[in-house]
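Q: Sharing a structure with you now.
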Amino acid sequence: MQGKKWILVLIALLSLSLFIAGCGGTTPEPKQEAEAPKEPEVKEKVLVFARGGDSVGLDPANETDGESFYVSRNITDTLVDYEDDNTNIIPGLAKTWEPKDKDGLIWVFNLREGVKFHDGTPLNAEAVKFNFDRWMFEDNAYRYEGEAYEYWGYMFGGYPGVVKEVRAVDELTVEVELTQPFAPFINNLGMPCFGISSPEAIKKYGKDFFKNPVGTGPFKFVEWLKDDKIVLEKNEDYWGEGPKLDKLIFRAIPDNSARLMELQAGTIDIMIGLSPEDATIVEQDPNLQLLLRPSMNVGYLALHNEKEPFDNVLVRRALNHAIDKQALIDAFYAGFAKTAKNPLPPSLWGYNDAIVDYEYDPAKAKALLAEAGYPNGFKTELWAMPVARPYMPQPKEIATAMQQQFAAVGVEAEIVTMDWGTYLEKGEFGEHSMYLIGWNGDNGDPDNFMYVLLDKDNAKVGSAGNFAFYKSDKVHDLLIAAQKETDQAKRAKLYEEAQVIIHEDAPWIPLVHSTPPIAAKKSVKNFIPHPTGGESTFWKVDIE
Amino acid sequence: MKTIKDINTTITPQPLVDDKFTKSGGLWQDTFKRLKKNNIAVFGAIIIGILFFCAIFAPFLAPHDPENGILKDRQQPPSEKYLLGTDSQGRDVLSRIIHGAGISVQIGVISVGIALLFGTTLGVLSGYYGRWIDVGIMRLVDIMLAFPTILLALAIVTILGPSLKNAMIAVGIVNIPRFARIVRASVLSVKETEYVEASKAIGCTDVQIIFRHVLPNCLAPIIVQATLTIGTAILEAAGLSFLGLGAQPPMPEWGAMLADSRGYLRQAPWSVMYPGLAIMLTVLGFNLLGDGLRDALDPRLKE
Chain A
38 MQGKKWILVL IALLSLSLFI AGCGGTTPEP KQEAEAPKEP EVKEKVLVFA
88 RGGDSVGLDP ANETDGESFY VSRNITDTLV DYEDDNTNII PGLAKTWEPK
138 DKDGLIWVFN LREGVKFHDG TPLNAEAVKF NFDRWMFEDN AYRYEGEAYE
188 YWGYMFGGYP GVVKEVRAVD ELTVEVELTQ PFAPFINNLG MPCFGISSPE
238 AIKKYGKDFF KNPVGTGPFK FVEWLKDDKI VLEKNEDYWG EGPKLDKLIF
288 RAIPDNSARL MELQAGTIDI MIGLSPEDAT IVEQDPNLQL LLRPSMNVGY
338 LALHNEKEPF DNVLVRRALN HAIDKQALID AFYAGFAKTA KNPLPPSLWG
388 YNDAIVDYEY DPAKAKALLA EAGYPNGFKT ELWAMPVARP YMPQPKEIAT
438 AMQQQFAAVG VEAEIVTMDW GTYLEKGEFG EHSMYLIGWN GDNGDPDNFM
488 YVLLDKDNAK VGSAGNFAFY KSDKVHDLLI AAQKETDQAK RAKLYEEAQV
538 IIHEDAPWIP LVHSTPPIAA KKSVKNFIPH PTGGESTFWK VDIE
Chain B
350 MKTIKDINTT ITPQPLVDDK FTKSGGLWQD TFKRLKKNNI AVFGAIIIGI
400 LFFCAIFAPF LAPHDPENGI LKDRQQPPSE KYLLGTDSQG RDVLSRIIHG
450 AGISVQIGVI SVGIALLFGT TLGVLSGYYG RWIDVGIMRL VDIMLAFPTI
500 LLALAIVTIL GPSLKNAMIA VGIVNIPRFA RIVRASVLSV KETEYVEASK
550 AIGCTDVQII FRHVLPNCLA PIIVQATLTI GTAILEAAGL SFLGLGAQPP
600 MPEWGAMLAD SRGYLRQAPW SVMYPGLAIM LTVLGFNLLG DGLRDALDPR
650 LKE
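Protein sequences, first through last, are from chains A and B. Converting from the first sequence to the numbering used here requires adding 37 to each position, the first position being numbered 1. Converting from the second sequence to the numbering used here requires adding 349 to each position, the first position being numbered 1.
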């Protein structure tokens with residue numbers, strides 16, 4: 038009885054403290070309302086956008102993660118851009134572009150007139166050439182130690198890769214010469230990593246350019262408080278339609294539920310990385326709106342194909358049979374996802390729907406493991422991301438559930454996690470054995486998934502995008518052929534063929550294609566979630 | 350045999366012996382009697398009793414598998430099937446708490462064992478031999494005490510790598526200085542007593558004196574400190590696990606359970622509340638018992 042009384046007292050205390058905390062949240066509100074009319078002349082429009090992790094760096098050329106591009110794509114513009122909610126190409130800094138020859142080996146870009154960088158220097162052909170040279174050449178004078186410029190390598194097949202030369206023909210005309218026809222070329226140039234930065238600023242800041250970015254975009258960089266917030270302000274001289282917001286602030290709030298609480302408390306305006314199960318809370322809140330990002334991603338578990346026991350295809354297939362994808366989706370995606378059987382998302386052309394997925398069958402998995410010489414399973418590591426990703430809002434939960442499913446077939450996996458920057462870096466060096474990760478498409482071209490994630494060209498230790506270190510010559514030949522082919526129907530065939538081989542070799546366990554839910558205040562207008570996982574249309578966004 | 354018994358029976362009825370003296374059963378029996386009268390300490394002892402009972406009989410007590418949940422049954426509120434509800438992985442919270450008791454007992458005993466062993470050794474060396482040994486050891490202890498315990502533990506785990514074993518080692522190490530100080534203080538006072546001087550006079554070696562005379566007489570404060578430290582050690586280890594540096598998933602460690610569930614405070618408050626309560630009650634139990642023991646071992650202190 039004594040024990041029970043204690044518990045009752047404790048519960049009473051706990052609920053009282055919760056009640057007090059609840060009251061605390063509501064009291065400041067009337068204050069704000071009272072203060073607002075006092076200073077009507079200021080009325081600065083500030084939008085606070087919150088996500089799970091901070092940017093790694095703000096020099097887009099030298100980063101690979103979505104959190105960095107979220108910010109940088111508002112500061113720098115690309116030569117071409119995508120439409121508001123799809124990946125059709127529209128003009129960016131280049132007004133027009135066309136191939137000079139019929140093979141598409143030389144491309145001519147005509148730049149917009151009168152565009153200025155935030156530091157006042159003009160955007161001209163020389164500036165564009167300067168940027169290209171820095172991306173392309175490993176011995177460029179403005180590259181510093183430890184800078185890998187991974188994305189150029191991912192997209193263009195190395196350094197300099199398929200681009201032979203970039204020439205400034207006159208003030209506003211740039212010519213790019215390729216070594217081979219390259220179908221994804223224009224689509225690639227719209228990616229935020231190929232934003233044009235001010236050459237003068239790159240020279241001025243040197244190694245510190247990543248924290249002092251200067252571009253031509255609708256917003257200018259103001260300050261960055263690491264792991265807290267990045268502040269951008271309106272660029273009054275923007276070449277396009279001027280932004281409606283005065284300030285755009287990107288905050289990093291690692292905990293999904295803490296972020297939602299801040300949104301409900303009104304301290305932030307938009308949040309990504311909403312836990313799917315919280316979607317109903319958002320829908321029921323009269324002050325909030327639920328938005329969905331069109332799906333163009335894949336979440337997967339990369340198996341290190343060069344390490345034992347994953348170098349055995351039977352083991353990889355066995356593990357594919359061990360995971361109940363539908364159960365994971367039911368538990369952790371609240372319906373905002375589909376199971377994956379291919380590396381490509383079904384929304385992309387070239388998706389091979391004829392492939393039959395490895396069905397969930399622990400008995401079969403055990404049999405395959407025994408056949409491979411592991412009748413009692415084995416011990417391994419399961420690496421899990423520390424932050425919510427659009428393709429995987431709760432990586433640790435998913436890792437724990439997968440750990441159980443692996444244990445059921447005798448594979449004992451220890452979950453390993455570390456901070457986000459280190460996680461990516463160690464992955465690029467191939468220090469993992471099983472690596473939970475995913476990819477959000479950047480440009481709507483299958484090449485952006487297949488070549489980046491599964492070609493042997495991108496399985497280089499230190500800058501790998503192919504975290505499975507899957508090296509198949511057959512797949513490589515098909516992917517290169519698809520890059521050279523310009524007929525989309527023929528390219529689709531090549532990608533479909535490559536997916537068959539990949540399915541057989543099973544370098545990954547493809548898990549999900551998610552439709553990431555986003556929550557925003559109702560007062561936020563014209564925020565259009567883009568399938569590439571980030572928006573360069575913040576200049577359209579307004580607050581009522 | 351018979352004769353001795355006879356002698357005994359003849360002696361007892363004689364009123365020569367002091368009444369008080371016959372009733373007294375030595376230090377430990379006295380302590381136990383005084384402890385029994387202390388209701389709060391008994392309450393603490395009951396909690397600890399339950400904890401140990403759960404720890405030993407966990408596989409029989411727990412109604413479900415603590416590590417493998419049923420994803421379909423995730424975040425079920427407390428019900429007949431799941432008395433304390435389920436967590437985000439569909440695991441039974443009650444079963445996890447029961448299995449977690451064993452882990453907590455292990456943490457408490459092992460880490461305090463480490464602290465006790467090294468702390469006592471350092472304390473005895475420092476108190477008994479004095480001089481430069483004392484100065485050296487005590488400055489080291491001062492340096493360790495200058496760090497906040499959890500910070501020092503964090504640093505140690507970071508070096509050793511996150512695992513439950515290393516968390517226990519870290520918690521053990523950070524608690525060494527407390528034992529070293531307490532033992533040193535007791536040794537200093539015991540060293541000056543007549544019986545130690547007498548042992549020296551008859552030619553006992555240092556080792557004999559330390560183990561036969563000094564240590565047994567320092568036992569009371571050590572026991573009190575050990576009981577109190579088990580409570581804090583469990584709390585510190587839970588803290589490390591909460592930060593992801595102690596027990597690794599899917600182990601049902603209470604701190605790790607809190608960390609796993611804290612994101613679901615709204616959807617599944619039970620999955621956060623009950624492990625928290627378990628930690629709190631356990632620490633409370635050890636603290637109450639420790640306080641009771643202190644009062645019982647040294648009644649003068651109370652008055």
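Cβ coordinates follow ideal geometry from the N, Cα and C atoms, glycine included.
Taking the alpha carbon of A:E581 as the point to measure from, which residue in A:V561, A:E163 and A:T569 has its own alpha carbon closest?
A: When each option's Cα is compared against that of A:E581, the closest is A:V561.
Q: In the DSSP output, what is A:S551 paired with across the bridge?
A: Its beta-bridge partners are A:A374.
Q: Does the beta carbon of A:D292 come closer than 8 Å to any beta carbon on chain B?
A: True, the Cβ-Cβ gap to chain B drops below 8 Å.
Q: Among B:N388, B:I446 and B:A586, whose alpha-carbon lies nearest the alpha-carbon of B:V523?
A: B:V523 has its Cα closest to that of B:A586, out of B:N388, B:I446 and B:A586.
Q: Using a C-beta cutoff of 8 Å, does A:T216 count as contacting chain B?
A: Chain B contact via Cβ: absent.
Q: State the DSSP-derived secondary structure class of B:K430, mapped to helix, strand or coil.
A: If DSSP states are grouped into helix, strand and coil, B:K430 belongs with coil.
Q: Closest to A:V424 by C-alpha separation, out of A:E465, A:A409 and A:G475, would be which residue?
A: Comparing Cα-Cα distances from A:V424 to each of A:E465, A:A409 and A:G475, the minimum goes to A:G475.
Q: Between A:D394 and A:N495, what straight-line distance do the alpha-carbon atoms span, to the nearest angstrom?
A: Distance between the alpha carbons of A:D394 and A:N495 is about 25 Å.
Q: Below 8 Å between beta carbons is the criterion; list the residues of the stretch 422–438 of chain B that meet it against any residue of chain A, in chain order.
A: The residues in question are R423, S437 and Q438.
Q: Please confirm if B:R615 has its CB atom under 8 Å from at least one CB of chain A.
A: True, the Cβ-Cβ gap to chain A drops below 8 Å.
Q: What do you reckon, are the CB atoms on A:P291 and A:F106 nearer than 8 Å?
A: No, Cβ-Cβ distance for A:P291 and A:F106 is not below 8 Å.
Q: Closer than 9 Å, Cβ to Cβ, to anything on chain B: give me those residues from the stretch 447–472 of chain A, in chain order.
A: The stretch 447–472 of chain A vs chain B, Cβ under 9 Å: E451, I452, V453 and T454.
Q: Just reading off the beta strand (DSSP E) that B:A587 is part of, what are its end residues?
A: First-last for B:A587: L564 to F591, but that is the alpha helix (DSSP H), not the beta strand (DSSP E).
Q: Which of the three DSSP states is assigned to A:L148 in this structure?
A: Of the three classes helix, strand and coil, the one that applies to A:L148 here is strand, per DSSP.
Q: Select from the stretch 358–391 of chain A all residues with a C-beta closer than 9 Å to any C-beta belonging to chain B, and list them in chain order.
A: Cβ contacts with chain B come from D361, A364, L365, D367, A368 and F369.
Q: Would you check if the stretch 404–413 of chain A and the stretch 302–313 of chain A touch, i.e. whether three or more CB-CB distances between them fall below 8 Å?
A: No, they do not touch.
Q: Using a Cβ-Cβ distance under 8 Å, would B:Q574 count as near chain A?
A: False, the Cβ-Cβ gap to chain A never drops below 8 Å.
Q: Just to confirm before moving on: does the CB-CB distance between A:P430 and A:N334 stay below 8 Å?
A: Taking 8 Å as the Cβ cut-off, A:P430 and A:N334 do not qualify as a contacting pair.
Q: Using a threshold of 8 Å, state whether the C-beta atoms of B:I583 and B:V632 are closer than that.
A: Taking 8 Å as the Cβ cut-off, B:I583 and B:V632 qualify as a contacting pair.
Q: Would you say A:A438 faces chain B, with C-beta separation under 8 Å as the test?
A: True, the Cβ-Cβ gap to chain B drops below 8 Å.
Q: Could you list which residues in chain B have their beta carbon closer than 8 Å to that of A:Q441, in chain order?
A: E416, N417, G418, Q438 and P599, listed in chain order.
Q: Please state if the CB of A:L297 and the CB of A:A556 are separated by a distance shorter than 8 Å.
A: Against a cut-off of 8 Å, the Cβ pair of A:L297 and A:A556 comes out as a contact.
Q: So the alpha helix (DSSP H) A:L490 belongs to, where does it begin and stop?
A: Element bounds for A:L490: D484 to L491.
Q: For the alpha helix (DSSP H) holding A:I260, just list the boundary residues, first then last.
A: A small fix is needed here, since residue 260 of chain A is Glu in this sequence, not Ile. Not the alpha helix (DSSP H): A:E260 falls in the beta strand (DSSP E), residues F256 to L262.
Q: Taking the alpha carbon of A:T619 as the reference point, which residue from B:A645, B:P618, B:I389 and B:L594 has its own alpha carbon closest?
A: What the structure shows of chain A is the stretch from 38 to 581, and residue 619 of chain A is not part of that stretch, so it cannot be assessed.
Q: Look up A:D138 in the DSSP assignment and say whether it is helix, strand or coil.
A: Coil.
Q: How would you list, in chain order, the residues of chain B whose beta-carbon sits under 9 Å from the beta-carbon of A:E434?
A: Within 9 Å Cβ-Cβ: S437, Q438, D609 and G612.
Q: Going by DSSP, which residues form a beta bridge with A:F86?
A: DSSP lists A:F287 and A:I307 as partners of A:F86.
Q: Hey, would you say A:L491 sits closer than 8 Å to A:I539, going by beta carbons?
A: Yes, they are a contact pair.
Q: For a contact defined as C-beta to C-beta under 8 Å, what are the partners of A:E314 on chain B?
A: The contacting residues are Q616.
Q: Near B:G476, which residues of its chain fall below 6 Å by C-beta distance, leaving aside the five closest residues on each side in sequence?
A: The answer, listed in chain order, is R533, V536 and L537.
Q: Just tell me which of B:D647, B:V461 and B:S453 has its CA closest to the CA of B:M629.
A: The option with the nearest alpha carbon to B:M629 is B:S453.
Q: Ends of the alpha helix (DSSP H) at B:D379?
A: Per DSSP, B:D379 belongs to the alpha helix (DSSP H) from G375 to K386.
Q: Using 10 angstroms around the beta-carbon of A:P566, count the other beta-carbons present and answer buried if the total reaches 16, otherwise exposed.
A: The residue is buried, with at least 16 neighbouring Cβ atoms inside 10 Å.
Q: Return the bridge partner residues of A:L328 from the DSSP annotation.
A: Its beta-bridge partners are A:I555.
Q: Could you check whether B:G580 and B:G485 sit closer than 8 Å to each other, using their CB atoms as the reference points?
A: Cβ distance not < 8 Å, so B:G485 and B:G580 don't count as in contact.
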